[in-house]
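Some notes on the structure that comes next.
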Amino acid sequence: MSLKVIGKARRRVDGRAKVTGLTKFADDIVLPRMLHCRLLRSPHPHAEILEINTQRAEKHPGVHLVLTGMDFPITFGIMPVSQDEYPLANGRVRYVGDPVAAVIAKDEQTATAALDLIEVNYKSLKTISNSEEALQNPEPRIHDYGERGNIHRIQSYEFGDVAEALAKSAHVFDDVFFYEGNTHLPIEQHASVAAPDGEGKLTLWSSTQVPHYIHRALARALQMPAAHIRVIACPNGGGFGGKCDLHNHEIVVSRAALKLGRPVKICLNREEVFYMHRGRHPVLMRMRTGVTKDGKLTGMHLQTLLDGGGYGGYGAASTFYTGVLQTVTYELPRYKFDACRAFTNKPPCGPKRGHGTPQPRFGQEVQLDKIAEKLKLDPAELRLGMVAKPNSLTANWLKIGSIGLAECIRQVVARSDWENKFKKMKRGKGIGIACSSYLSGAGLPIYWNKMPHSGVQLLADRSGQVTVFCGATEIGQGSDDVLAAMVAEVLGMDPYDIRCVTGDTALTPVDLGSYSSRVTVMMGNAAIQAAEKLKAQIAEAAAEQLEVIPSRLSFSQGKVFVTEKSNKSLSFKEAIEFAEAKFGTLGAVGSYSPPRAPGRYKGAGVGPSPAYSYSACVLEVEVDEATGWFAVPKIWIAHDIGRTVNPVLARGQVEGSVYMGLAEALMEEQVFRRLPPKMSQALVHKIPSLLEYKSPTSLDMPEVDTVLIEDPDPNCPFGAKEAGQGPLLPVMPALANAIFDAVGVRIDELPITPDKVLRALELKAQGKTPRVGPESFPAVPYPKSIFVLPPWEGGDGKESKRNDAAAVV
Amino acid sequence: MSAVPERIHLSMSVNGEETPVSFAPYKTLLEVLREDLNLTGTKHGCELGECGACAVLVDGQPQLSCLVLGAACAGRRIETVEGMANGAELHPLQAAFADLGAAQCGYCTPGILMTAKALLDKDLNVNREQIKEAISGNLCRCTGYQQIFEAIEEAARRMQP
């Protein structure tokens with residue numbers, strides 16, 4: 072197959088708008104008679120609201136409306152299992168920043184001034200500041216639902232008898248790791264504009280990655296028919312997972328606009344974005360891994376404890392993701408995974424790039440480095456020797472298709488000159504390797520249904536124009552460019568001649584949104600299906616004119632021609648005219664649902680994906696032993712992308728992932744501190760500003776050497792897998808491993824900062840264990856495991872009784 | 003009664019056009035551009051001078067428009083992203099950014115384009131280190147900066163006389 076568009080480096084179809092300032096982000100929307108909304112947020116991390124008095128605010132000149140929890144009696148939440156939030160607090164606040172009241176006024180200045188006039192009488196409650204405190208303090212309960220006490224979710228899965236596997240192993244490695252929380256930090260602050268249309272129906276423009284989920288959840292929150300609500304996802308000024316929830320402010324401005332009959336806008340300030348959060352969960356984890364004497368994995372028992380913050384959000388999914396993908400990278404015969412998510416009085420956590428998987432990935436890849444060190448094996452060779460097999464099942468019944476990981480490892484090893492550097496550089500200089508894998512789309516939607524995950528509709532008319540409609544959302548990754556490229560490739564068109572209409576629930580078929588790296592695979596497959604149908608219609612009409620059978624026609628470069636006689640041709644426009652004359656108005660639809668996953672046990676729905684991407688990373692570091700200060704001069708990354716749709720964008724996704732991974736490895740942390748007792752003891756964000764929350768600048772970013780490995784996956788459009796999340800994952804452990812190679816100390820927690828390196832060096836100098844990281848893992852009351860036999864032990868993918876299992880084994 | 007007037011009136015040069023404008027005196031240049039002149043190409047990420055998204059040129063110098071009072075701009079020469087292209091023809095920086103993947107979400111892009119323009123207006127023979135230094139006040143969360151460096155270098159090449 073000779074591809075004309077796919078794989079060619081091109082300017083993205085929306086590139087010109089982005090460099091001219093014409094891309095309309097949500098806050099760029101200005102409507103006649105538009106009012107402005109500001110939210111009053113709780114200064115307390117945990118309190119009852121005894122009384123709210125809004126009278127003074129209501130009388131303030133320029134104020135049109137004041138809303139409180141009284142106006143929103145119904146709970147909401149993005150997942151059906153997490154209906155635990157109110158748009159404005161209903162008698163209780165659960166984190167500093169929890170919205171309590173809203174003022175809608177003629178401008179932001181007036182609304183802000185009126186917030187100060189709202190009197191709220193709070194009664195402080197005991198606050199829970201982290202997951203261990205949550206386990207120790209079942210009372211007061213932050214929510215009256217969940218497992219018990221302050222445990223939101225707790226679960227255990229075991230695939231084969233792991234205790235037995237560990238007992239029979241030559242070595243068992245037992246490590247505890249901690250991964251601090253961090254936040255998305257999109258440069259665009261969340262903004263929304265709600266407006267009633269001429270018929271009194273509602274339109275919401277918003278910075279959201281998931282217009283369909285917002286549409287659905289908003290209908291419930293407003294108790295309105297979804298048919299009367301239109302959600303338009305504006306291009307996002309960065310998402311990274313932070314614009315995946317239905318947010319309080321989206322419901323508030325919608326209700327206000329309907330009440331006032333006027334457009335209402337809100338744009339959060341930066342501090343509010345920090346407090347709204349929904350980012351990376353802090354995760355404490357314990358990993359016990361058995362290996363043979365030559366370093367093959369025999370079994371793993373992973374335990375995770377997530378600090379969830381004040382609400383559920385996507386937390387139920389996050390909890391699963393801290394374990395389910397541990398099996399898809401290397402051959403792992405048996406696996407046990409316990410997870411627990413606790414409620415705490417902090418901003419809720421949720422999905423950030425890699426959603427739940429970077430934390431255990433960090434632990435696994437650092438532990439592999441320790442295994443290689445102990446067994447005196449080369450860590451790259453160790454990994455190469457146990458890469459999972461293509462077209463195989465994992466212990467937890469995930470289906471792996473293509474896997475280009477071995478080639479990724481070989482590439483980064485060769486390009487970094489690994490063999491001449493590992494353990495061979497002068498003291499202070501080090502090199503580390505780590506690998507990873509990620510989903511190309513979650514196998515199930517967040518609410519149970521049997522409908523497609525992505526739909527695409529095509530319209531073609533006599534003007535020669537092709538318009539493609541899809542609910543997918545442009546968040547910077549190049550969603551529209553992928554859509555245009557897929558259609559253009561099939562129809563033999565120039566991608567710039569295709570008009571993309573996307574992310575609009577009134578106009579576009581449902582696509583579940585830009586999350587879980589699903590867009591290229593799911594939207595792409597739907598787009599190809601729609602384009603093939605349209606192509607068949609055009610080919611039938613054109614074949615009549617050219618007096619050949621349709622199968623002899625080719626579509627390329629804006630022409631429809633007889634394959635062997637390219638002078639016997641029609642322009643694409645002429646061909647469409649004939650097709651429109653023959654068939655009437657031309658259109659076609661395509662849709663995509665992921666293949667059914669083989670796992671049949673309860674909980675098997677999280678983890679399956681149409682395809683998994685793989686990455687390998689080598690990172691070099693230079694450590695100053697006197698101060699602990701270190702620098703990363705260069706990073707090598709190889710990413711198994713299946714097939715590259717547009718190399719310019721693919722490289723950008725990979726390098727952007729490496730950047731964000733390095734940021735998490737070096738400096739980013741969403742951390743809180745208690746105010747002194749004479750104040751409120753509130754748990755406040757330590758650094759809610761872009762200046763203090765450190766992220767790498769252009770001066771901090773090392774050179775990145777990027778290789779894309781193409782091993783087309785049969786489940787994917789033209790073989791293309793994801794690129795936007797997977798390459799983030801190996802960067803953090805590669806840094807930890809490089810530090811060890813440089814100075815022989817282990818930093819088993821993130822971020823890795825010079826003070827931690829210095830502390831570990833001091834321990835080393837004192838003859839103590841040269842390690843900084845969590846000392847122990849708490850007693851977590853995990854339940855009895857759901858036991859499932861791995862495929863190779865005679866399992867059928869269903870839960871089985873352990874006794875049966877013992878009999879089989 | 004406050005002595006501060008509700009609105010002040012002044013004139014500044016915006017993208018080469020003499021532009022009279024009335025606005026509330028507390029407004030920053032960022033707010034005047036976005037809210038009173040409808041030039042929404044200039045973005046905001048913090049409104050505290052931390053992210054660089056709102057960078058514009060004031061008398062040829064890159065300035066964070068969120069830290070400049072509109073009232074201080076009477077008679078000043080303001081350049082924004084809307085004024086970069088020459089009619090339909092993109093500025094070489096814009097073309098290189100679009101071609102080479104320097105704009106992903108595009109939100110930090112106007113600020114970086116203006117900062118880079120100030121750099122190249124002074125000197126087309128810039129090296130990678132000077133580019134890194136020049137845009138070190140502009141945060142980008144998407145790209146990892148590498149494609150931005152390359153686009154500025156490519157634009158400098160295309161702009162050579």
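Same order as they appear, the protein sequences are chains Y and A. Positions 72 to 880 (the working numbering) are the ones given, in order, by the first sequence. Positions 3 to 163 (the working numbering) are the ones given, in order, by the second sequence. Idealized CB from N, CA, C, for every residue including glycine.
Taking 8 Å as the cut-off, the Cβ atoms of proline 566 of chain Y and alanine 559 of chain Y count as close. Exposure of glycine 62 of chain A is indicated by the presence of fewer than 16 other C-beta atoms within 10 angstroms of its C-beta. DSSP, reduced to helix, strand and coil, places leucine 256 of chain Y outside both helices and strands of the structure shown, so it counts as coil. Serine 686 of chain Y has Y:Ser507 and Y:His710 as its beta-bridge partners, per DSSP.
At a cut-off of 8 Å between C-beta atoms, isoleucine 10 of chain A does not count as an interface residue with respect to chain Y. With respect to the C-alpha of glycine 676 of chain Y, the residue from Y:Gly162, Y:Arg667 and Y:Ala290 having the closest C-alpha is Y:Arg667. Rounded to whole angstroms, the Cβ separation of leucine 554 of chain Y and alanine 598 of chain Y is 6 Å, and the two are in contact under 8 Å.
For the stretch 286-348 of chain Y, the continuous alpha helix (DSSP H) assignments of 4+ residues that do not extend past its boundaries occur at 319-331 and 341-347, in sequence order. DSSP, reduced to helix, strand and coil, places serine 67 of chain A within a helical segment of the structure shown.
The bridge partners DSSP lists for glutamine 374 of chain Y are Y:Arg357 and Y:Asp409.
Glycine 361 of chain Y sits away from glycine 350 of chain Y, with the two beta carbons spaced by 8 Å or more. At the C-beta level, leucine 800 of chain Y and alanine 736 of chain Y stay beyond 8 Å of one another.
Runs of the beta strand (DSSP E) lying entirely within the stretch 721-779 of chain Y and spanning at least 3 residues, in chain order: 743-745 and 754-756. When CB distances to chain Y are screened at a threshold of 8 Å, the residues of the stretch 66-87 of chain A falling below it are Thr82, Val83, Glu84, Met86 and Ala87, in chain order. In the same chain as arginine 127 of chain Y, and ignoring 5 residues on each side of it, the C-beta atoms closer than 7 Å to its own belong to Leu188, in chain order. According to DSSP, residue pairing for serine 525 of chain Y in a beta bridge involves Y:Asp582 and Y:Tyr663. For lysine 177 of chain Y, same chain residues with a beta-carbon under 6 Å away, outside a window of 5 residues either side, are Gly133 in chain order. Close CB contacts of threonine 777 of chain Y within its chain, under the 7 Å cut and outside five residues either way in sequence, are with Ile708, Arg722, Val725 and Glu726 (chain order). Segment contact: the stretch 539-551 of chain Y against the stretch 613-625 of chain Y, fewer than three CB-CB distances shorter than 8 Å; contact not assigned. Contact check for alanine 73 of chain A against glycine 113 of chain A fails: the beta carbons are separated by 8 Å or more.
For methionine 750 of chain Y and alanine 734 of chain Y, the gap between their C-alpha atoms comes out near 33 Å. If you look at asparagine 88 of chain A, you'll find it isn't in any alpha helix (DSSP H); DSSP assigns it neither H nor E. For phenylalanine 99 of chain A, the chain Y residues whose C-beta falls within less than 9 Å of its own C-beta are Gly86, Lys89 and Val90, listed in chain order. Using a Cβ-Cβ cut-off of 8 Å, isoleucine 502 of chain Y does not count as an interface residue toward chain A, since no Cβ of chain A sits closer than that to its own. Counting the other CB atoms within 10 Å of its CB gives methionine 522 of chain Y a total below 16, which places it among the exposed residues. Taking the C-beta atoms as reference points, proline 825 of chain Y is found nearer than 8 Å to glycine 699 of chain Y. A distance below 8 Å separates the beta carbons of asparagine 717 of chain Y and arginine 81 of chain Y. Contact annotation for lysine 124 of chain A against chain Y: no contact, minimum CB-CB distance about 18 Å [criterion: below 8 Å]. Between the stretch 315-325 of chain Y and the stretch 226-233 of chain Y there are fewer than three C-beta pairs closer than 8 Å, too few to call the two in contact.
At least 8 Å separates the CB of threonine 139 of chain Y from every CB of chain A. Bridge partners of histidine 107 of chain Y according to DSSP: Y:Ala176 and Y:Lys336. Among the residues facing chain Y, cysteine 48 of chain A is included, as its CB has a counterpart in that chain under 8 Å away. The alpha-carbon separation between lysine 124 of chain A and serine 138 of chain A amounts to approximately 17 Å. The straight-line gap separating the alpha-carbon atoms of histidine 93 of chain A and threonine 91 of chain Y is approximately 9 Å. With a threshold of 8 Å between beta carbons, glycine 89 of chain A makes no contact with chain Y. Spatial neighbours of arginine 671 of chain Y in its own chain (CB-CB distance under 6 Å, excluding positions within 5 residues in sequence) are listed in chain order as Gly868 and Lys869.
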